[in-house]
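Novice: Protein chains in written order, with UniProt numbering: chain A, 1 to 418; chain B, 1 to 418. Beta carbons: idealized from backbone N, C-alpha and C, even for Gly. Note that the structure is a prediction, hence the values are computed from the model and not measured.
(1) Take residue 282 (chain A) and list the residues in its own chain whose beta-carbon comes closer than 7 angstroms to its own, dropping the five residues that flank it on each side.
(2) So is residue 266 (chain B) in contact with chain A if we call contact Cβ pairs under 9 angstroms?
(3) Kindly indicate which residue of B:249, B:137 and B:148 has the alpha-carbon position closest to the one of residue 79 (chain B).
(4) Tell me whether the beta-carbon of residue 174 (chain A) lies closer than 9 angstroms to the beta-carbon of residue 217 (chain B).
(5) Tell me which residue opens and which closes the alpha helix (DSSP H) that residue 225 (chain B) is part of.
(6) If you draw a straight line from the C-alpha of residue 507 (chain B) to the C-alpha of residue 255 (chain B), how long is it?
(7) Step through the CB atoms of chain B and report whether any lies within less than 9 angstroms of the CB of residue 183 (chain A).
(8) Give me the residue from B:146, B:133 and B:223 with the minimum Cα distance to residue 327 (chain B).
(9) Give a yes or no on whether 9 angstroms exceeds the smallest Cβ distance from residue 220 (chain A) to chain B.
(10) Output, in chain order, the set of chain B residues within a Cβ distance shorter than 7 angstroms of residue 170 (chain A).
(11) At a Cβ threshold of 9 angstroms, is residue 401 (chain A) touching chain B?
(12) Residues of the region 75-96 of chain B in Cβ contact with chain A at a cutoff of 8 angstroms, in chain order, please.
(13) Quick one: Cα of residue 288 (chain B) to Cα of residue 202 (chain A), how far?
(14) Mind listing the chain A neighbours of residue 217 (chain B)? Cutoff is C-beta to C-beta under 7 angstroms, in chain order.
(15) Does residue 424 (chain A) have its Cβ less than 9 angstroms from a Cβ in chain B?
(16) On the DSSP letters alone, give me the boundaries of the beta strand (DSSP E) that residue 438 (chain B) sits inside.
(17) Within the same chain, show all residues whose beta-carbon is closer than 8 angstroms to that of residue 22 (chain B), passing over the 5 residues directly before and after it, in chain order.
(18) From residue 253 (chain A) to residue 93 (chain B), what distance separates their C-alpha atoms?
(19) Excluding sequence positions up to five away, which residues of its chain have a Cβ less than 6 angstroms from the Cβ of residue 242 (chain B)?
(20) Helix, strand or coil for residue 195 (chain A)? Go by DSSP, reduced to three states.
(21) In or out: residue 238 (chain B) buried (at least 16 other Cβ within 10 Å) or exposed?
(22) Quick one: which chain B residues come within Cβ less than 7 angstroms of residue 104 (chain A)?
(23) Quick one: complete beta strand (DSSP E) runs, 3+ long, within the region 142-199 of chain A?
(24) Is there a Cβ of chain B sitting closer than 9 angstroms to that of residue 370 (chain A), yes or no?
(25) Can you give me, in chain order, the residues of the region 222-239 of chain B that have a beta carbon less than 9 angstroms from any beta carbon in chain A?
(26) With distances taken Cα to Cα, identify the nearest neighbour of residue 115 (chain B) among B:54, B:295, B:96 and B:130.
(27) Quick one: is residue 76 (chain B) buried, meaning 16 or more other Cβ sit within 10 Å of its Cβ, or exposed?
(28) Taking Cβ to Cβ, would you say residue 246 (chain B) is nearer than 9 angstroms to residue 193 (chain B)?
(29) Could you check whether the Cβ of residue 55 (chain A) sits closer than 9 angstroms to any Cβ belonging to chain B?
(30) I'd like the list of long-range same chain contacts for residue 356 (chain A), defined as Cβ closer than 7 angstroms, with 5 residues on each side in sequence excluded.
(31) Could you check if residue 20 (chain B) is buried or exposed, using at least 16 other CB atoms within 10 Å of its CB as the buried criterion?
(32) Flag residue 279 (chain A) as yes if its beta-carbon sits less than 9 angstroms from any beta-carbon of chain B, otherwise no.
(33) Could you pull out every unbroken alpha helix (DSSP H) segment of at least 4 residues lying fully inside the region 364-402 of chain B, listed in chain order?
(34) Residue range of the beta strand (DSSP E) that residue 15 (chain A) falls in?
(35) State buried or exposed for residue 369 (chain A), treating a residue as buried only when at least 16 other CB atoms are found within 10 Å of its CB.
(36) So residue 208 (chain A) contacts chain B; which residues on that side make the cut at Cβ distance below 7 angstroms?
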């Protein structure tokens, strides 16, 4: 009788949603004070309270004439109103004379409305009779063509709330209100430890049996995409002592540790053993039910995430996109970090059937073929996850849910561009 | 009789596609030699020729036994094959002994196949009889579970072609092949000149009539998003001499000049006049048929794009997204910079009718309301383009084509997340 050879070391394989739940339990990093120009894409961790209204005053949206809407009531091409122009306003001066009944003032776009004015008539709907009389050929509702004081932000109220992601428009409002600095979620430092007896650096010519390290470069590029700061801990041999030493240093110096090692059972066992060697550590999962990417080890050391990435390059890329980049956004305070419904996609028509094993989520690499007047065709790119080829040829990923046995040709799918 | 008041200075208003055509005529910037770690998101401007195959040798995808497929032909659970295990291979050593007929070798994931082996049987489909005899319960096709030498790249052939955008996977292949540096399209330096007598910097408290400059902050954040390097030329008064001086300096020192000024006719005329003052300059367009964003001035100075952005904050943001970010990608060598069919979107159902003036492309700000089990509802956010409010409240933009009179409630639309 033969003794069955079985893979070991895979004690707990959990679903992708459960894995995310565990990742979400790591608390966001503390805040740091940052200048406005460093805020792009980051998350506000304090409420910004407006110290004054914005706009500061009622300003004109148009070149034209500031009026009191009552004075132009009912004005039309056939029944114009005639108003007395008493001032020509500059953009940077607050008018000091109020508008009297029957009066108007020439105003540029952005100019401040005089007291007594509540609307602006576009210059196109006016005519000049003589030096001072203006023919108004259109009526205006109160507030028409006027940016009202406080429409964007009101003094004493929250202009930008804690948790807001700073897009260019939020940066604009912060600038308008005079915020030169603000508290933002700190960018995580991400330690990258590559293990493998066969690995050499990019500068070296591999001897027979050796290969250049790939994953630390792909992983670093991805970390930066999510706002993280990659910190390299070099290439470590597949032995417990060296690995534990590198991990200890990385855990002490960074906020998240990513181990990129081989995919063999021996190396995975070694990763688990090294994580267990660390003080105050726990293994939370020995795998995740997604493909490619199953042999992903989730650990916690000194309260920080320590993750063993799959060794196969494509598996590591998929796990980074699906799980680790959202983690890095979450650690910066992004409340929607794991929300895939907010992820923009390209719709495409699946060019052929794709089978999938139920019980795990599949991430199929998709090559898009543009078509005139129709959605692009989505070609699944099949191949070994140890190779880069499928990711190089693909434009993005399509998800096959865990409960599905596959997707049929002709079906519309969402392609996540990566 | 009245003299009609008409806006002037708008001589040539062109369509968005025509504007893009003019932008595309600016040639991409020259290349620069960059390190691998600086390449992310940038465009390769040389072919990278593989100096060796990748993978370098045939390697196993699995933990298991390297075999010659012939020796396991027809093997199954009920009819296993029995092979002699003659070696236990390490990941970093090239086996020096060829596999003889009827022999196999224990191999880890990533291990190099010995001569004579052409497939790997997964460890799960094997059993151990005694110290050396292995029971094989599954057949394997030649090449099965093997990453073949040269599958990702072949010696002497183009591994990554000129024009490729360097994603993490391309960075991985470049690392695998030993490219520490490569020629990439240079990142454009983008001069930002803000004009306006009413403007003060973010650090200043505006006096009555003044406002803090908003656009140079939003524009700088957007420039950086597209890989450009923002260079600020400060706040310039609305007068020809100061503006011409700032522009001359910016044109000399940067690759693209963006003027962010007011939206009044006077300021637009001044912008045109200042651009015309520059040596070797031409005005290519006085406006573009999109809304918001019409008063966009396209000039060329010393062969470089010099663009007068609309002064209204929302108009400037839309023009940056629609025209200027693609220009910055184009200048870096991205051949698909203007291809909107490659732009990921969120599908949503329009919550109410939106009217549009035919003859111009409309960019409607959209707020998304998530719904369980259905596409999100898309609420148009209407409001004045001089305010930030609509962009702050929106998740993205929906395009209404120039020929359309609007979109009907209930229609599915693509929302471009910005």
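Specialist: Straight from the coordinates:
(1) Against the first chain, residue 282 (chain A) aligns to sequence position 282. The residues are 299 and 300.
(2) As a first step, residue 266 (chain B) must be located in the second chain, where it is residue number 266. Interface annotation, residue 266 (chain B): in contact with chain A, CB-CB separation under 9 angstroms.
(3) Here residue 79 (chain B) refers to the residue found at position 79 of the second chain. Closest by alpha carbon: B:137.
(4) As a first step, residue 174 (chain A) must be located in the first chain, where it is residue number 174. As a first step, residue 217 (chain B) must be located in the second chain, where it is residue number 217. Yes, these two residues count as a Cβ contact at 9 angstroms.
(5) Mapped onto the second chain, residue 225 (chain B) falls at position 225. Run containing residue 225 (chain B): 215-225, per the alpha helix (DSSP H) assignment.
(6) This structure does not reach residue 507 (chain B), given that chain B is present from 1 up to 418, and the question cannot be answered.
(7) Residue numbering aside, residue 183 (chain A) sits at position 183 when the first chain is read from its first letter. No, because no Cβ of chain B sits closer than 9 angstroms to the Cβ of residue 183 (chain A).
(8) Taking the second chain and counting its residues from 1, the one referred to as residue 327 (chain B) is at position 327. For residue 327 (chain B), the closest alpha carbon among the candidates B:146, B:133 and B:223 is that of B:223.
(9) Reading the first chain from its first residue, position 220 is the one you call residue 220 (chain A). Yes, contact with chain B.
(10) Sequence index remark: in the first chain, residue 170 (chain A) carries index 170 (1-based). Simply 392.
(11) To locate residue 401 (chain A), count along the first chain from 1; it is residue 401. Judged by the 9 angstroms Cβ criterion, residue 401 (chain A) is not in contact with chain B.
(12) Cβ contacts with chain A: 90, 91, 92, 93 and 94.
(13) Start at 1 with the first residue of the second chain, and residue 288 (chain B) comes out as number 288. Start at 1 with the first residue of the first chain, and residue 202 (chain A) comes out as number 202. Each residue's alpha carbon lies about 48 angstroms from the other.
(14) Against the second chain, residue 217 (chain B) aligns to sequence position 217. Residues of chain A passing the Cβ test: 36, 171, 172 and 175.
(15) Given a span of 1 to 418 for chain A in the structure shown, any question on residue 424 (chain A) remains unanswerable.
(16) Residue 438 (chain B) falls outside the range modelled here, since chain B spans only 1 to 418, and no answer is possible.
(17) Start at 1 with the first residue of the second chain, and residue 22 (chain B) comes out as number 22. Sequence-distant Cβ neighbours of residue 22 (chain B) in its own chain, meaning closer than 8 angstroms and more than five residues away, are 14, 284, 285 and 298.
(18) Looking up residue 253 (chain A) in the first chain gives position 253. Looking up residue 93 (chain B) in the second chain gives position 93. Between the C-alpha atoms of residue 253 (chain A) and residue 93 (chain B) there is a straight-line separation of about 34 angstroms.
(19) Position 242 of the second chain, counted from the start, is the residue given in the question as residue 242 (chain B). Shown here for residue 242 (chain B): same chain residues with a beta carbon closer than 6 angstroms to its own, the five before and five after excluded, namely 236 in chain order.
(20) Along the first chain, one-based indexing puts residue 195 (chain A) at 195. Strand at residue 195 (chain A).
(21) As a position in the second chain, residue 238 (chain B) is number 238, starting the count at 1. Around the C-beta of residue 238 (chain B), 16 or more other C-beta atoms lie within 10 Å, and the residue is accordingly described as buried.
(22) Here the question's residue 104 (chain A) lines up with position 104 in the first chain. In chain order: nothing, as chain B lies at least about 12 angstroms away.
(23) Taking only runs of at least 3 residues, the beta strand (DSSP E) segments lying wholly in the region 142-199 of chain A are 158-160, 181-185 and 189-195.
(24) In the first chain, residue 370 (chain A) corresponds to position 370, counting from 1. Taking a beta-carbon distance threshold of 9 angstroms, residue 370 (chain A) counts as an interface residue toward chain B.
(25) Within the region 222-239 of chain B, those residues whose Cβ lies closer than 9 angstroms to any Cβ of chain A are, in chain order, 222, 224, 225, 230 and 238.
(26) Counting from one through the second chain, the residue named residue 115 (chain B) turns up at place 115. Taking the Cα of residue 115 (chain B) as reference, the smallest distance to any Cα among B:54, B:295, B:96 and B:130 is reached at B:96.
(27) Residue 76 (chain B) sits at position 76 when you count from the first residue of the second chain. A residue is called buried when at least 16 other Cβ atoms come within 10 angstroms of its Cβ; residue 76 (chain B) does not meet this threshold and is exposed.
(28) The count along the second chain starts at 1 and reaches residue 246 (chain B) at position 246. The count along the second chain starts at 1 and reaches residue 193 (chain B) at position 193. In contact: residue 246 (chain B) and residue 193 (chain B) (Cβ atoms closer than 9 angstroms).
(29) Along the first chain, read from residue 1 onward, the residue named residue 55 (chain A) stands at position 55. Chain B, which has a Cβ nearer than 9 angstroms to the Cβ of residue 55 (chain A), makes this yes.
(30) In the first chain, the residue the question calls residue 356 (chain A) occupies position 356. Counting only residues of its own chain and dropping the five nearest sequence neighbours on each side, residue 356 (chain A) has a CB closer than 7 angstroms to the CB of 362, 400, 404, 405 and 406.
(31) Working through the second chain from its first residue, we reach residue 20 (chain B) at position 20. Buried.
(32) As a working note, residue 279 (chain A) is residue 279 in the first chain. With a threshold of 9 angstroms between beta carbons, residue 279 (chain A) makes no contact with chain B.
(33) Within the region 364-402 of chain B, the complete alpha helix (DSSP H) runs of at least 4 residues are 389-393.
(34) Along the first chain, read from residue 1 onward, the residue named residue 15 (chain A) stands at position 15. Following the DSSP letters along the chain, one finds residue 15 (chain A) in no beta strand (DSSP E), marked with neither H nor E.
(35) Walking along the first chain from the start, residue 369 (chain A) turns up at place 369. It is exposed - the Cβ of residue 369 (chain A) has fewer than 16 other Cβ atoms within 10 Å.
(36) Translated into the one-based positions of the first chain, residue 208 (chain A) becomes position 208. Simply 94.
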